[in-house]
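Sequential numbering from 1 applies to the sequence shown in the UniProt record's numbering.
The beta carbon of each residue, even a glycine, is placed where N, CA and C say it ideally should be.
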Amino acid sequence: MKEIGLPMIAKPDNGVGAAATFKLETEDDINHFKQEWDHSTLYFFEKFVTSSEICTFDGLVDKDGKIVFSTTFDYAYTPLDLMIYKMDNSYYVLKDMDPKLRKYGEAIVKEFGMKERFFHIEFFREGDDYITIEYNNRPAGGFTIDVYNFAHSLDLYRGYAAIVAGEEFPASDFETQYCLATSRRAN
Numbered sequence: 001m002k003e004i005g006l007p008m009i010a011k012p013d014n015g016v017g018a019a020a021t022f023k024l025e026t027e028d029d030i031n032h033f034k035q036e037w038d039h040s041t042l043y044f045f046e047k048f049v050t051s052s053e054i055c056t057f058d059g060l061v062d063k064d065g066k067i068v069f070s071t072t073f074d075y076a077y078t079p080l081d082l083m084i085y086k087m088d089n090s091y092y093v094l095k096d097m098d099p100k101l102r103k104y105g106e107a108i109v110k111e112f113g114m115k116e117r118f119f120h121i122e123f124f125r126e127g128d129d130y131i132t133i134e135y136n137n138r139p140a141g142g143f144t145i146d147v148y149n150f151a152h153s154l155d156l157y158r159g160y161a162a163i164v165a166g167e168e169f170p171a172s173d174f175e176t177q178y179c180l181a182t183s184r185r186a187n
């Protein structure tokens, strides 16, 4: 903690979204984290990035690790803000992807060497550059695959089944569209 300095983020190795994530800005925050920590969950500590713009590079790789589908969406609010401030969630699929984001995302996927799986990579957008937040060997959560299906006029469930069965990923014949997903908290 001394090496990184405040403010910082404490995020569990096995977390999804911002669950069990702590923003540490003061000694009181650190003491609160120590009280809440179960002493068995591994945590990563990272310098806090003040950007409120988060985007993704998401997709699917085939049996050879080749990206057969990729897309991007922007969050209306950061997952941490959603958790802390109990906000309603919204995100939207973009029609076009920044070539720099695509380049970074493709390099990360290649480096991890995954095969026959979805991936979901989150980035902070800082001006015209990106800071990687996390890499997940799974699709984005909730009903996001359905959102992708609407935006790209395809069936990712069928596409995933095809690549696992050794078949070609079925391409869409339609132009990508914007697609907004929003949800509301029960309380």
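Cut-off 7 Å between Cβ atoms - residues of its own chain near residue i, not counting five sequence neighbours on either side
| i | result |
| --- | --- |
| Arg-138 | Phe-118, His-120 |
Sequence-distant residues of the same chain with beta carbon closer than 6 Å to residue i, five excluded per side
| i | result |
| --- | --- |
| Asp-58 | Thr-71, His-120, Ala-140 |
| Gly-179 | Checking the displayed sequence, the identity of residue 179 turns out to be Cys instead of Gly. Excluding positions up to five away in sequence, the list reads Val-93, Val-147, Phe-150, Ala-151. |
| Phe-22 | Ala-10, Phe-33 |
| Ile-145 | Pro-139, Leu-156 |
Delimiting residues of the alpha helix (DSSP H) encompassing residue i
| i | result |
| --- | --- |
| Asp-146 | 144-152 |
| Ala-181 | Counting along the chain, Ala-181 falls outside any alpha helix (DSSP H), though it belongs to the beta strand (DSSP E) covering 179-183. |
Per-residue burial, residue i [other beta carbons within 10 Å of its own, 16 or more giving buried]
| i | result |
| --- | --- |
| Leu-156 | buried |
| Asp-96 | exposed |
| Tyr-85 | exposed |
Same chain, Cβ closer than 8 Å to residue i, neighbours up to 5 away in sequence not counted
| i | result |
| --- | --- |
| Met-1 | Met-8, Leu-24, Ile-30, Phe-45 |
Rounded C-alpha distance that separates residue i from residue j
| i | j | result |
| --- | --- | --- |
| Asp-13 | Glu-122 | 15 Å |
| Val-68 | Pro-99 | 17 Å |
| Gly-105 | Thr-50 | 21 Å |
| Glu-53 | Arg-125 | 5 Å |
| Phe-143 | Asn-89 | 12 Å |
| Tyr-91 | Val-61 | 23 Å |
| Asp-38 | Ala-20 | 11 Å |
Boundaries (first-last residue) of the beta strand (DSSP E) holding residue i
| i | result |
| --- | --- |
| Arg-158 | Arg-158 -> not in any beta strand (DSSP E); alpha helix (DSSP H) instead, spanning 156-164. |
| Val-61 | 54-61 |
| Ile-4 | Here Ile-4 belongs to no beta strand (DSSP E), and DSSP marks it neither H nor E. |
- Item | Complete runs of the beta strand (DSSP E) confined to the segment 66-107 [at least 3 residues] | 67-71, 73-75, 89-93
- Where in the segment 8-43 do unbroken runs of the beta strand (DSSP E), each at least 3 residues long, occur, reported from the N-terminal end onward? 8-12, 22-24
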